[in-house]
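Heads up, the thing below is written out as structure tokens.
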Amino acid sequence: TQLLEQSPQFLSIQEGENLTVYCNSSSVFSSLQWYRQEPGEGPVLLVTVVTGGEVKKLKRLTFQFGDARKDSSLHITAAQPGDTGLYLCAALLIQGAQKLVFGQGTRLTINP
Amino acid sequence: GAVVSQHPSWVICKSGTSVKIECRSLDFQATTMFWYRQFPKQSLMLMATSNEGSKATYEQGVEKDKFLINHASLTLSTLTVTSAHPEDSSFYICSPKNRGLNTEAFFGQGTRLTVV
Numbered sequence: 040t041q042l043l044e045q046s047p048q049f050l051s052i053q054e055g056e057n058l059t060v061y062c063n064s065s066s067v068f069s070s071l072q073w074y075r076q077e078p079g080e081g082p083v084l085l086v087t088v089v090t091g092g093e094v095k096k097l098k099r100l101t102f103q104f105g106d107a108r109k110d111s112s113l114h115i116t117a118a119q120p121g122d123t124g125l126y127l128c129a130a131l132l133i134q135g136a137q138k139l140v141f142g143q144g145t146r147l148t149i150n151p
Numbered sequence: 082g083a084v085v086s087q088h089p090s091w092v093i094c095k096s097g098t099s100v101k102i103e104c105r106s107l108d109f110q111a112t113t114m115f116w117y118r119q120f121p122k123q124s125l126m127l128m129a130t131s132n133e134g135s136k137a138t139y140e141q142g143v144e145k146d147k148f149l150i151n152h153a154s155l156t157l158s159t160l161t162v163t164s165a166h167p168e169d170s171s172f173y174i175c176s177p178k179n180r181g182l183n184t185e186a187f188f189g190q191g192t193r194l195t196v197v
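Top line first, the protein sequences correspond to chains A and B.
The working numbering applies: residue 40 is where the first sequence begins, and numbers increase by one.
The working numbering applies: residue 82 is where the second sequence begins, and numbers increase by one.
Next comes the structure, spelled out in structure tokens:
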């Protein structure tokens with residue numbers, strides 16, 4: 040079973056459109072992170088959300104942490120071809136040994 | 082951000098041989114090292130977690146005798162894929178971490194392993 044359910048897993052849209060990616064879980068997390076990964080490289084951290092209901096903006100990207108700290112969303116406004124990539128949500132588990140687990144990822148393609 | 086060096090970035094090996102992947106944290110002490118595997122078009126799957134000076138903890142389904150992890154120092158961890166088979170072909174990524182909760186995770190550049 041997947042601890043973090045990410046949807047959609049694949050998304051292909053036209054330049055200029057808006058989109059939202061979701062990351063859901065039945066577990067409560069102290070924080071949740073969003074990463075972006077380019078082919079052949081390691082993930083790069085975009086944002087960490089910590090407080091329930093928190094909204095963070097990074098240029099055209101808006102990240103929200105659910106009030107119950109079980110889910111998060113990433114909204115991209117006016118998508119551009121440069122936004123193409125694999126977007127991953129991740130949560131740090133602190134039950135016993137700490138470990139960072141990832142959602143399935145959303146492969147986003149923005150067509151010019 | 083922290084500097085993590087993973088080497089090699091890609092390797093091709095023959096079936097039955099072993100391959101060693103190195104991960105170095107260049108500017109902080111990695112008390113914990115996470116090793117991930119990523120198959121094409123999929124997410125990162127945690128393989129094992131190692132703490133400096135102790136044995137690694139492997140995730141369910143990951144063979145500890147096949148994926149040997151050494152974390153003898155606070156700046157270097159290695160993953161050795163022993164007796165590699167084509168199904169081991171994947172993208173392997175390390176992620177060193179120092180102590181403390183909610184600290185940012187850093188990742189190596191990844192190693193593309195192809196077993197022929």
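Note that beta-carbon positions come from the ideal geometry of N, C-alpha and C, so glycine has one too.
Chain A contacts from the segment 121–134 of chain B (Cβ-Cβ distance under 9 Å) = 122, 123, 124, 125, 126, 127, 130, 132
Does DSSP put residue 144 of chain A in a helix, a strand or coil?
-> If you number the first sequence from 1, residue 144 of chain A lands on position 105. Reduced to three states, the DSSP call for residue 144 of chain A is coil.
Report the partner residues of residue 192 of chain B according to the DSSP bridge assignment.
-> Residue 192 of chain B sits at position 111 when you count from the first residue of the second sequence. Bridge partners of residue 192 of chain B: B:173.
The segment 61–76 of chain A / the segment 149–164 of chain B touching (three or more Cβ pairs under 8 Å) = no
Residue range of the unbroken beta strand (DSSP E) whose run includes residue 95 of chain A = Translated into positions along the first sequence, residue 95 of chain A becomes position 56. Here the beta strand (DSSP E) through residue 95 of chain A covers 94–97.
Cα-Cα separation, residue 150 of chain A to residue 58 of chain A | Reading the first sequence from its first residue, position 111 is the one you call residue 150 of chain A. Reading the first sequence from its first residue, position 19 is the one you call residue 58 of chain A. Whole-angstrom Cα-Cα distance: 13 Å.
With DSSP as the reference, label residue 142 of chain B as helix, strand or coil.
-> In the second sequence, the residue the question calls residue 142 of chain B occupies position 61. Looking at residue 142 of chain B - three-state DSSP - the assignment turns out to be coil, as it is neither helix nor strand.
Return no unless some Cβ of chain B is closer than 8 Å to the Cβ of residue 55 of chain A.
-> The count along the first sequence starts at 1 and reaches residue 55 of chain A at position 16. It does not; no Cβ of chain B falls within 8 Å.
Chain A contact for residue 189 of chain B (CB, 8 Å cutoff) | Locating residue 189 of chain B in the second sequence gives position 108, counting from the first residue. Yes, residue 189 of chain B counts as interfacial toward chain A.
Under the assumption that residue 143 of chain A contacts residue 72 of chain A (Cβ atoms under 8 Å), give the Cβ distance between them as a whole number of angstroms.
-> For the purposes of this step, residue 143 of chain A is taken as the residue at position 104 of the first sequence. For the purposes of this step, residue 72 of chain A is taken as the residue at position 33 of the first sequence. In fact, because the Cβ distance is near 15 Å, the residues do not count as touching under 8 Å.
Establish whether the CB of residue 139 of chain A and some CB of chain B are separated by less than 8 Å.
-> Within the first sequence, numbered from 1, the residue matching residue 139 of chain A stands at position 100. Residue-level contact check: residue 139 of chain A touches chain B, since one or more beta carbons of chain B fall below 8 Å from its beta carbon.
Presumed contact (8 Å Cβ cut-off) between residue 50 of chain A and residue 128 of chain A, rounded CB distance = Here residue 50 of chain A is taken as the residue at index 11 of the first sequence, counted from 1. Here residue 128 of chain A is taken as the residue at index 89 of the first sequence, counted from 1. At roughly 14 Å, the Cβ-Cβ gap does not stay under 8 Å, so residue 50 of chain A and residue 128 of chain A are not in contact.
Identify which residue in B:190, B:86, B:139, B:170 has its Cα closest to the Cα of residue 106 of chain B.
-> As a first step, residue 106 of chain B must be located in the second sequence, where it is residue number 25. Checking every option, the nearest Cα to that of residue 106 of chain B belongs to B:86.
Can you find a C-beta in chain A that's less than 8 Å from the C-beta of residue 193 of chain B?
-> For the purposes of this step, residue 193 of chain B is taken as residue 112 along the second sequence, with counting starting at 1. It does; some Cβ of chain A falls within 8 Å.
Give the residues of chain B in contact with residue 80 of chain A, contact being defined as C-beta atoms less than 8 Å apart.
-> As a first step, residue 80 of chain A is located in the first sequence; it is residue number 41 there, counting from the start. Near residue 80 of chain A (Cβ distances below 8 Å), the residues of chain B are 190, 191.
Would you be able to state if there are at least three C-beta pairs under 8 Å between the segment 78–88 of chain A and the segment 131–151 of chain B?
-> Touching, no, given that fewer than three Cβ pairs across the two stretches are closer than 8 Å.
Using a cut-off of 9 Å between C-beta atoms, extract the partners of residue 127 of chain A located in chain B.
-> The residue labelled residue 127 of chain A in the question sits at position 88 within the first sequence. Within 9 Å Cβ-Cβ: 124, 125.
Thinking C-alpha only, which one of B:149, B:166, B:167 is nearest residue 115 of chain B?
-> Position 34 of the second sequence, counted from the start, is the residue given in the question as residue 115 of chain B. Selected option, being the one with the closest Cα: B:149.
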